[in-house]
Amino acid sequence: MAGRMMAMRLRDVFDRLLAAYGPQGWWPGESPFEVIVGAVLTQNTSWKNVEKAIANLRDSGVLSPQRLSALRHEELAELIQPAGYYRLKARRLMNLLNLLMTAYDGSLEAMFEADMSELREQLLSVNGIGPETADSILLYAAEIPTFVVDTYTARVLKRHAWIEAEADYHTIEDHFESHLEKDAALFNEFHALLVRVGNQHCRRQPKCEGCPLECMLPESGVQEM
DNA sequence: GACCAGGCACATC
DNA sequence: GATGTGCATGGT
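In the numbering used here, the protein residues as written are 1 to 225.
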């Protein structure tokens, strides 16, 4: 059936990407809190810019929930300036910190002990935290097996016609979660590999030359997006 | 100099 | 409900 075939196929995609690129070592952060901060800062932004912003926070000694939430908006905005959208992201970080401080007394351990679907709803209720950011926090900071769907994930799947072009975030997420073993380490690596192949090949202007997924394209070839 | 990056909220029709 | 726009820096 389609389900069985897709299960093999998705796993096959993962195996190819892993063979081609090796483990990606995500999330590139030194602590769960740093992962959370990075998840907000990387919204529609290249990771390189985010690294500079996080380095600023670390150098200033404010990379903890208590220290960060004590900053004034202007101070935080200035520190994260290299990540772009800095006024917007300063507000979003403050919104998220407000949840962490008020509901969990600033303790990530306490937050991650909460019921997973309840925590997801709680994160989504924060202004500035959408599905991808929430899932990134759940998977990469809390190590809860939730599949993260980003631009590249959707693009790679739709381009190869592995999923309908109209599929929304939840549909794509559910696709992965229902066709793969629910394993945080697998979801972690798979998502990182999809970002890698997306960055390198499956862009708006496709560069299929040398792509490890090339021979898996349907007969019709790459579809316009 | 245009185009793009590991989104999201909000306005408008 | 669908579609468009603002947010901002830095690399290709």
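Glycine is no exception: its CB is placed at the ideal position from the N, C-alpha and C atoms.
Source: prediction; values computed, not measured.
In the structure shown, what three-state DSSP assignment does Y152 receive? Position 152 of the first sequence, counting from 1, holds the residue named residue 152. Of the three classes helix, strand and coil, the one that applies to Y152 here is helix, per DSSP.
Please report the straight-line C-alpha distance between A161 and A70, rounded to a whole angstrom. Within the first sequence, numbered from 1, the residue matching residue 161 stands at position 161. Within the first sequence, numbered from 1, the residue matching residue 70 stands at position 70. Between A161 and A70, the C-alpha separation is close to 48 Å.
Could you name each continuous alpha helix (DSSP H) segment of 4 residues or more that falls completely within the stretch 34 to 84, going from the start of the chain to the end? 47 to 59, 65 to 70, 73 to 79
Would you report the Cα separation of G198 and G210, rounded to the nearest angstrom? As a working note, residue 198 is residue 198 in the first sequence. As a working note, residue 210 is residue 210 in the first sequence. Using only the alpha carbons, I get a separation of about 13 Å.
Backbone secondary structure at D174 - three-state DSSP: Your numbering for residue 174 matches position 174 in the first sequence. If DSSP states are grouped into helix, strand and coil, D174 belongs with the helices.
Could you check how far apart the C-beta atoms of T146 and F187 are, in whole angstroms? I think they sit under 8 Å. Position 146 of the first sequence, counted from the start, is the residue given in the question as residue 146. Position 187 of the first sequence, counted from the start, is the residue given in the question as residue 187. About 7 Å; that satisfies the 8 Å criterion.
Secondary structure at A184, three-state DSSP: helix, strand or coil? Counting from 1 along the first sequence, the entry for residue 184 is found at position 184. In the structure shown, A184 sits in a helix (DSSP, three-state: H, G or I).
The ligand FMN heavy atom lying under 7 Å from the CB of K52: You won't find the ligand FMN in this model; it holds no ligand whatsoever.
Where does N127 sit, in a helix, a strand or coil, going by DSSP? Residue mapping note: residue 127 aligns to position 127 of the first sequence, counting from 1. Three-state DSSP puts N127 in coil, outside helix and strand.
Under a Cβ-count criterion, where at least 16 other Cβ atoms within 10 Å of its own Cβ denotes burial, should H175 be classed as buried or exposed? Looking up residue 175 in the first sequence gives position 175. With 16 or more other Cβ atoms within 10 Å, it is buried.
What is the DSSP secondary structure of L17, counted as helix, strand or coil? Counting from one through the first sequence, the residue named residue 17 turns up at place 17. Three-state DSSP puts L17 in a helix.
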